[in-house]
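Chemist: Questions regarding the structure given below will be posed in turn.
Numbering (my numbering), first residue to last: 41 to 262.
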């Protein structure tokens, strides 16, 4: 399915026109972004393709960012997000609370990521054994920064999927553990346990003993 691109993601003209339809009248109370998103979801639930296109273009960058961090593969991440968006369109009428749109989309996307991860484990193992160049051309600050990022990415790759996804939701999306647990359909205690094990594994992989050596990372409030 790699390379396939859904029409919802082509161009920006439809999204612009869709947003115009959501602008408040001059004398109407000013609405928040959440209000506008809720209206778009409700319109999409009534069959409005244009409203759904606006929702897709607004949500896609965040969904892709999460999928790419979880799967560590751009093509599979794009496919997972598109699968999730197709399911979202098919079942959008089942979403009872329009305000829960973001959490619902993350849940669909992570389920698609989980399916992709299960079907490509052999490929992941092969990729993890690719060795870096032993003789770098330059030794500059920039080269060291890139190297550090690659080391961190490799460490993230080695985390079990269930730990990696909690780490991504909590630190990349800044979600409290309660919300991450809701998206993943797991108890908060389970999410917290997976986060702690994931961070411990990252510290070990990076050869770090103190939490402050991970850039002063601290858990966000539950």
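No residue lacks a Cβ here, since even glycine has one placed at the ideal position from N, Cα and C.
For residue 115 and residue 104, what's the separation of their Cα atoms in angstroms?
Modeler: If you number the chain shown from 1, residue 115 lands on position 75. If you number the chain shown from 1, residue 104 lands on position 64. Here the alpha carbon of residue 115 sits roughly 10 Å from the alpha carbon of residue 104.
Chemist: Can you name, in chain order, every residue of its own chain whose Cβ lies under 7 Å from the Cβ of residue 220, other than the five neighbours on each side?
Modeler: Position 180 of the chain shown, counting from 1, holds the residue named residue 220. Result list for residue 220: 206, 209, 210 and 231, in chain order.
Chemist: Taking 7 Å as the cut-off, decide whether the C-beta atoms of residue 107 and residue 149 are in contact.
Modeler: Against the chain shown, residue 107 aligns to sequence position 67. Against the chain shown, residue 149 aligns to sequence position 109. Closer than 7 Å, so yes.
Chemist: What do you reckon, are the CB atoms on residue 153 and residue 110 nearer than 7 Å?
Modeler: The residue you call residue 153 lines up with position 113 of the chain shown. The residue you call residue 110 lines up with position 70 of the chain shown. Closer than 7 Å, so yes.
Chemist: Check residue 247 in the structure and name its three-state DSSP category.
Modeler: Against the chain shown, residue 247 aligns to sequence position 207. Residue 247 falls in the coil class under three-state DSSP.
Chemist: Do the CB positions of residue 124 and residue 223 come within less than 7 Å of each other?
Modeler: By 1-based counting over the chain shown, the position of residue 124 is 84. By 1-based counting over the chain shown, the position of residue 223 is 183. No, they are not a contact pair.
Chemist: Using 10 angstroms around the beta-carbon of residue 93, count the other beta-carbons present and answer buried if the total reaches 16, otherwise exposed.
Modeler: One-based indexing of the chain shown puts residue 93 at position 53. By the neighbour-count rule (16 or more Cβ atoms within 10 Å), residue 93 is buried.
Chemist: Does the Cβ-Cβ distance between residue 228 and residue 242 come in under 7 Å?
Modeler: Indexing the chain shown from 1 puts residue 228 at position 188. Indexing the chain shown from 1 puts residue 242 at position 202. Cβ distance not < 7 Å, so residue 228 and residue 242 don't count as in contact.
Chemist: So, for residue 238: in the same chain, excluding its five sequence neighbours on each side, which residues have a beta-carbon less than 7 Å away from its beta-carbon?
Modeler: By 1-based counting over the chain shown, the position of residue 238 is 198. Same-chain partners within the cutoff: 199, 203, 204, 206 and 207.
Chemist: By Cβ distance below 7 Å, which residues in the same chain neighbour residue 91 in space, the five residues on each side in sequence not counted?
Modeler: Numbered from 1 along the chain shown, position 51 holds the residue referred to as residue 91. Counting only Cβ-Cβ distances below 7 Å, and skipping sequence neighbours, we find 58, 80, 83 and 84.
Chemist: Using only CA atoms, which one of 73, 213 and 119 lies nearest to residue 156?
Modeler: Within the chain shown, residue 156 is the residue found at index 116, counting from 1. Comparing Cα-Cα distances from residue 156 to each of 73, 213 and 119, the minimum goes to 119.
Chemist: If you count every other CB in all the chains shown that lies within 10 Å of the CB of residue 128, and 16 or more means buried, which is it?
Modeler: In the chain shown, residue 128 corresponds to position 88, counting from 1. By the 10 Å Cβ count, residue 128 comes out buried.
Chemist: Could you give the distance in angstroms between the alpha-carbon of residue 100 and the alpha-carbon of residue 89?
Modeler: Here the question's residue 100 lines up with position 60 in the chain shown. Here the question's residue 89 lines up with position 49 in the chain shown. Rounded to the nearest angstrom, the two C-alpha atoms are 16 Å apart.
Chemist: With DSSP collapsed to three states, give me the class of residue 93.
Modeler: For this step, residue 93 is matched to residue 53 along the chain shown. Helix, per DSSP.
Chemist: Might you give, ordered along the chain, the residues of its own chain that have their beta carbon closer than 7 Å to the beta carbon of residue 138, omitting 5 neighbours on each side?
Modeler: The residue given as residue 138 occupies position 98 in the chain shown. Excluding residues within five positions, the ones whose Cβ falls inside 7 Å are 78, 81 and 82.
Chemist: Cα-Cα, which of 151, 102 and 133 is closest to residue 215?
Modeler: Numbered from its first residue, the chain shown carries residue 215 at position 175. When each option's Cα is compared against that of residue 215, the closest is 102.
Chemist: Whole angstroms is fine: what's the gap from residue 135's alpha carbon to residue 151's?
Modeler: Stepping through the chain shown from its first residue, residue 135 is reached at position 95. Stepping through the chain shown from its first residue, residue 151 is reached at position 111. Straight-line Cα distance between these residues: approximately 16 Å.
Chemist: Taking the straight line between their C-alpha atoms, what separation do you get for residue 126 and residue 141?
Modeler: For the purposes of this step, residue 126 is taken as the residue at position 86 of the chain shown. For the purposes of this step, residue 141 is taken as the residue at position 101 of the chain shown. Spanning the two alpha carbons is a distance of roughly 14 Å.
Chemist: Suppose the cutoff is 8 Å on Cβ atoms and the five residues either side in sequence are ignored; what does the same chain contact list for residue 121 look like?
Modeler: By one-based count along the chain shown, residue 121 stands at place 81. Taken in chain order, the residues that qualify are 100, 103, 104, 107, 149 and 152.
Chemist: Find out if the Cβ-Cβ distance for the pair residue 133, residue 197 is shorter than 7 Å.
Modeler: Residue mapping note: residue 133 aligns to position 93 of the chain shown, counting from 1. Residue mapping note: residue 197 aligns to position 157 of the chain shown, counting from 1. Against a cut-off of 7 Å, the Cβ pair of residue 197 and residue 133 comes out as no contact.
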